[in-house]
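Participant:
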Amino acid sequence: MKKIIPFLLAGCLLASLAACGPTGQSSEVSDSSPVSSSDVVSAQELESSSEVESSHPVQDTVPSFDTTGTIQETVLYEENGVKITATDLVCSLTGAEISLTIENNSAQDLSFSSGTLGYSCNAVNGVMVDDGYLNCDVAAGKSANETVSFSSQELLLYGIDRVADFQLGFTITDSDYNSTHIPPIVVATSLKGYEQPADSIQTAVQSEALQSLLGYQVTFFQTDNFYDQNGVKVETAGRMENSSGEQMLLLEVVNSGEQSVCFVTNNIAFNGMEVYSYNWSSDVILPGARRMVTLQLENVFDKEYWPAYGLDSIGAVSMNVALNDLEGNPLTEGTPLQVQLSDVEATVDSQGIEVYNEGGIRVLSKKLAEDGNGDLSALLLVENTSGQTVTAGVGYDSLSIGGVMNDFTCSDRNIPNGGKAALVINLRDLEENGITSVENITDLEFQLQIRNEANYQTIAEPKVTLTFAGGTAV
5 MKKIIPFLLA GCLLASLAAC GPTGQSSEVS DSSPVSSSDV VSAQELESSS EVESSHPVQD
65 TVPSFDTTGT IQETVLYEEN GVKITATDLV CSLTGAEISL TIENNSAQDL SFSSGTLGYS
125 CNAVNGVMVD DGYLNCDVAA GKSANETVSF SSQELLLYGI DRVADFQLGF TITDSDYNST
185 HIPPIVVATS LKGYEQPADS IQTAVQSEAL QSLLGYQVTF FQTDNFYDQN GVKVETAGRM
245 ENSSGEQMLL LEVVNSGEQS VCFVTNNIAF NGMEVYSYNW SSDVILPGAR RMVTLQLENV
305 FDKEYWPAYG LDSIGAVSMN VALNDLEGNP LTEGTPLQVQ LSDVEATVDS QGIEVYNEGG
365 IRVLSKKLAE DGNGDLSALL LVENTSGQTV TAGVGYDSLS IGGVMNDFTC SDRNIPNGGK
425 AALVINLRDL EENGITSVEN ITDLEFQLQI RNEANYQTIA EPKVTLTFAG GTAV
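Letter by letter, the sequence shown follows residues 5 to 478 of the numbering used here.
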């Protein structure tokens with residue numbers, strides 16, 4: 005669920021649009037080494053790059069960020085003794101900063117947040133953005149002066165080169181953890197009247213100048229009707245690759261309806277093989293707004309596992325998409341969405357040691373593998389020809405290694421009839437049993453659970469034994 009800017013920084017970029025402070029989006033931090041101040045260019049360099057073509061063979065230039073936008077003092081919320089006022093807007097080459105005054109004249113101490121993972125509905129020029137983070141406590145009878153920021157890095161990647169209007173949503177939480185979501189209102193700036201081009205995201209993401217400057221490549225981009233439900237459309241899909249070779253799927257989602265929606269993704273498959281069965285992302289899209297929904301492929305399914313399943317290249321990504329309201333109530337049923345990333349047939353490696361085959365359920369043991377954190381996992385492939393959608397998993401507290409019980413985690417997989425899924429058993433606390441490498445594991449036993457996905461009734465619960473030599477299934 006990593007967003008675009010941390011994803012690019014995770015590639016250890018040698019250039020960036022501008023030097024800027026942390027976005028405050030703590031839930032989306034990079035999982036690689038931090039980028040030092042020497043790894044980014046200054047605001048002066050950004051201004052230069054906006055005026056001349058890049059030294060690389062690109063066909064366009066990076067637009068200059070308009071720094072002239074201002075606002076009049078505007079009340080964003082006033083109710084129950086609480087008042088939130090936007091007092092100032094300051095734009096620079098590094099982005100935009102909005103000054104807020106939060107007054108709490110209620111009888112309770114309150115916490116205020118914005119742009120968080122739980123409620124992120126901030127927008128600039130009708131484009132949903134991940135910046136605008138706020139988290140502060142205001143005691144009863146007190147006030148606070150706060151600032152929220154929008155990085156020019158993110159804005160320019162979405163084709164936003166000026167702030168004509170913005171929207172901020174807030175969550176107010178009392179000491180009993182009762183929360184109230186405050187929907188955003190549109191605040192026009194001195195640049196009001198500017199209309200954000202409908203193709204601004206498409207144009208910016210594909211910009212050769214931005215790709216060269218930020219060190220990423222767009223390896224696939226297509227405009228099509230990928231999804232169309234309740235006034236919500238997926239108009240474009242793309243794949244971005246950062247300088248470390250990590251890949252991110254991009255879905256441009258437009259909400260032409262009259263209510264805010266949460267765009268929810270789940271049941272994600274690579275090359276037709278299910279790799280994640282539950283809700284992966286949930287992104288708010290305001291009425292009339294658009295958002296770039298992002299899925300980093302290595303986060304959905306650890307890249308260390310890809311070779312075992314023949315995922316040398318991800319040729320297709322599929323998922324279910326559902327729409328919820330902001331309270332989590334479903335507006336639509338799950339609808340399949342598939343993005344074909346390559347003309348080459350998308351396949352998986354179906355080879356392995358068969359450890360179970362009954363009732364149309366076949367399980368293959370592949371190998372023991374280390375994930376990106378150095379932890380060991382047992383990799384299996386489950387094929388379903390049972391005539392129904394099933395859920396495959398591992399029974400609670402049922403796993404042993406060499407006859408000794410061992411902790412583990414394993415996420416269930418929902419597998420449609422005719423489908424297949426990667427079932428990954430993450431082995432925990434191995435050192436407590438004296439296990440330090442794959443060579444220490446020669447046999448592993450667990451209870452396989454096969455259930456009907458519709459009613460969760462048990463179909464089978466066989467004991468399954470895996471054997472290994474040097475980490476390879478035998």
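Glycine included, every Cβ here is placed at the ideal spot set by N, Cα and C.
Ignore the nearest five residues each way along the sequence and tell me which others in V128's own chain have a CB closer than 7 Å to its CB.
Facilitator: The residue you call residue 128 lines up with position 124 of the sequence shown. Correct list, in chain order: F154, L159, I164, V167 and F170.
Participant: Within the same chain, show all residues whose beta-carbon is closer than 7 Å to that of K370, passing over the 5 residues directly before and after it, in chain order.
Facilitator: Walking along the sequence shown from the start, residue 370 turns up at place 366. Taken in chain order, the residues that qualify are A312, G356, L383, L384, L385 and A477.
Participant: Look at the Cβ atom of S118, then the Cβ atom of L93, and state whether they are nearer than 8 Å.
Facilitator: For the purposes of this step, residue 118 is taken as residue 114 along the sequence shown, with counting starting at 1. For the purposes of this step, residue 93 is taken as residue 89 along the sequence shown, with counting starting at 1. Going by C-beta atoms, S118 is not nearer than 8 Å to L93.
Participant: Identify whether A458 lies in helix, strand or coil by the three-state DSSP scheme.
Facilitator: Within the sequence shown, residue 458 is the residue found at index 454, counting from 1. It is coil, neither helix nor strand.
Participant: Less than 8 Å separating the beta-carbons of A320 and V343?
Facilitator: For the purposes of this step, residue 320 is taken as the residue at position 316 of the sequence shown. For the purposes of this step, residue 343 is taken as the residue at position 339 of the sequence shown. It is a contact, given that the beta carbons lie within the stated cut-off.
Participant: Going by the DSSP bridge assignment, what does A293 pair with across the sheet?
Facilitator: Reading the sequence shown from its first residue, position 289 is the one you call residue 293. Partner(s): none; A293 has no beta bridge.
Participant: Using only CA atoms, which one of I419, T440, A426 and T446 lies nearest to A458?
Facilitator: Position 454 of the sequence shown holds residue 458. Here the closest residue by C-alpha is I419.
Participant: How many angstroms separate the CA atom of C414 from the CA atom of V288?
Facilitator: Sequence index remark: in the sequence shown, residue 414 carries index 410 (1-based). Sequence index remark: in the sequence shown, residue 288 carries index 284 (1-based). If I take the Cα positions, the gap works out to 29 Å.
Participant: Helix or strand or just coil, what does DSSP make of E308?
Facilitator: As a working note, residue 308 is residue 304 in the sequence shown. It is helical.
Participant: Any heavy atom of the ligand GTP closer than 7 Å to the CB of T298?
Facilitator: Looking at this structure, you won't find the ligand GTP or any other ligand, since it has none at all.
Participant: Any idea which residues DSSP pairs Y280 with across the strands?
Facilitator: One-based indexing of the sequence shown puts residue 280 at position 276. DSSP, once it has assigned bridges, lists I272 as partnering Y280.
Participant: When the Cα of G197 is compared with those of E239, G130, V222 and D134, which residue comes out closest?
Facilitator: Residue numbering aside, residue 197 sits at position 193 when the sequence shown is read from its first letter. Looking at the Cα atoms, G130 is the closest of the given residues.
Participant: According to DSSP, is P334 helix, strand or coil?
Facilitator: On the sequence shown, residue 334 is found 330 positions in, with the first residue counted as 1. Reduced to three states, the DSSP call for P334 is strand.
Participant: Are the beta-carbon atoms of N328 and V238 separated by less than 8 Å?
Facilitator: Numbered from 1 along the sequence shown, position 324 holds the residue referred to as residue 328. Numbered from 1 along the sequence shown, position 234 holds the residue referred to as residue 238. Not a contact, by the Cβ cut-off of 8 Å.
Participant: Is S37 buried or exposed, if buried means 16 or more other CB atoms sit within 10 Å of its CB?
Facilitator: For the purposes of this step, residue 37 is identified with residue 33 of the sequence shown, where counting begins at 1. Caution applies to S37, whose pLDDT of 32 falls short of 50 and renders its modelled position unreliable; the value that the coordinates give is listed next. Exposed.
Participant: Can you tell me where the beta strand (DSSP E) with L254 in it begins and where it stops?
Facilitator: Here residue 254 refers to the residue found at position 250 when the sequence shown is read from its first residue. From DSSP, the beta strand (DSSP E) with L254 extends over Q251 to N259.
Participant: By Cβ distance below 6 Å, which residues in the same chain neighbour R417 in space, the five residues on each side in sequence not counted?
Facilitator: Here residue 417 is taken as the residue at index 413 of the sequence shown, counted from 1. Contacts found: E278, S281, A396, A425 and L427.
Participant: Quick check on the DSSP output: the beta strand (DSSP E) that includes I102 runs from which residue to which?
Facilitator: Counting from 1 along the sequence shown, the entry for residue 102 is found at position 98. Element bounds for I102: G99 to N108.
Participant: When you compare only the Cα positions, how much space is there between N234 and E331?
Facilitator: By one-based count along the sequence shown, residue 234 stands at place 230. By one-based count along the sequence shown, residue 331 stands at place 327. Each residue's Cα considered, the two are about 17 Å apart.
Participant: Is the beta carbon of Q226 less than 8 Å from the beta carbon of A208?
Facilitator: Numbered from its first residue, the sequence shown carries residue 226 at position 222. Numbered from its first residue, the sequence shown carries residue 208 at position 204. It is not a contact, given that the beta carbons lie outside the stated cut-off.
Participant: Confirm, please, whether the CB-CB distance from N388 to V408 is below 8 Å.
Facilitator: Numbered from its first residue, the sequence shown carries residue 408 at position 404. Numbered from its first residue, the sequence shown carries residue 388 at position 384. In this structure, N388 does not lie closer than 8 Å to V408 by Cβ.
Participant: Taking contact to mean 3 or more Cβ pairs, one atom from each stretch, closer than 8 Å, check whether the stretch 104-121 and the stretch 83-90 are in contact.
Facilitator: The stretch 104-121, when compared against the stretch 83-90, does touch it at the 8 Å Cβ threshold.
Participant: So within the stretch 99-170, which uninterrupted beta strand (DSSP E) runs reach at least 3 residues, ignoring any that extend past its ends?
Facilitator: Entirely contained in the stretch 99-170, the beta strand (DSSP E) runs reaching 3 residues are, in chain order, 99-108, 114-118, 138-142 and 146-155.
Participant: On a Cα-Cα basis, can you pick out the residue from Q112, G364, S216 and L217 that is closest to G145?
Facilitator: Here residue 145 is taken as the residue at index 141 of the sequence shown, counted from 1. Of the candidates Q112, G364, S216 and L217, the one whose C-alpha sits nearest the C-alpha of G145 is Q112.
Participant: Should A293 be labelled buried (16 or more other beta-carbon atoms within 10 Å of its own) or exposed?
Facilitator: One-based indexing of the sequence shown puts residue 293 at position 289. It counts as buried.
Participant: Within 10 angstroms of its Cβ, does F11 collect 16 or more other Cβ (buried), or is it exposed?
Facilitator: Counting from 1 along the sequence shown, the entry for residue 11 is found at position 7. Answer is buried; the Cβ neighbour count reaches 16.
Participant: Anyone know if the C-beta pair for T151 and L104 falls short of 8 Å?
Facilitator: Within the sequence shown, the letter at position 147 stands for residue 151. Within the sequence shown, the letter at position 100 stands for residue 104. It is a contact, given that the beta carbons lie within the stated cut-off.
Participant: Apart from the five residues just before and just after T469, which ones in its own chain have a Cβ nearer than 8 Å to its Cβ?
Facilitator: Position 465 of the sequence shown, counted from the first residue, corresponds to residue 469. Contacts found: V359, D447, L448 and E449.
Participant: In chain order, what residues of the same chain have a beta carbon less than 8 Å from the beta carbon of E362, not counting five sequence neighbours either side?
Facilitator: Against the sequence shown, residue 362 aligns to sequence position 358. Here the set comprises A464 and P466.
Participant: For S96, I'd like the list of residues in its chain whose CB is within less than 6 Å of its CB, leaving aside the five on either flank, ordered along the chain.
Facilitator: Along the sequence shown, read from residue 1 onward, the residue named residue 96 stands at position 92. Counting only Cβ-Cβ distances below 6 Å, and skipping sequence neighbours, we find T71.
Participant: Please confirm if T89 has its CB atom under 8 Å from at least one CB of chain D.
Facilitator: Included in the structure is just one protein chain, with no chain D present.
Participant: Taking the continuous beta strand (DSSP E) assigned at S322, which residues delimit it?
Facilitator: The residue you call residue 322 lines up with position 318 of the sequence shown. S322 -> beta strand (DSSP E) spans A320 to N328.
Participant: Leaving out the 5 sequence neighbours to the left and right, which residues in its chain are closer than 7 Å to D306 when beta-carbon positions are compared?
Facilitator: In the sequence shown, the residue the question calls residue 306 occupies position 302. Closer than 7 Å at the Cβ level, and outside the excluded window around D306, lie D375 and G376.
Participant: Does the separation of the CB atoms of I75 and V191 fall below 8 Å?
Facilitator: For the purposes of this step, residue 75 is identified with residue 71 of the sequence shown, where counting begins at 1. For the purposes of this step, residue 191 is identified with residue 187 of the sequence shown, where counting begins at 1. Their beta carbons are under 8 Å apart, which means I75 touches V191 by this criterion.
Participant: In three-state terms, what does DSSP make of A90?
Facilitator: By one-based count along the sequence shown, residue 90 stands at place 86. Three-state DSSP puts A90 in a strand.
Participant: Could you tell me whether the Cβ atoms of L172 and G219 are closer together than 8 Å?
Facilitator: Indexing the sequence shown from 1 puts residue 172 at position 168. Indexing the sequence shown from 1 puts residue 219 at position 215. Cβ atoms of L172 and G219: not closer than 8 Å.
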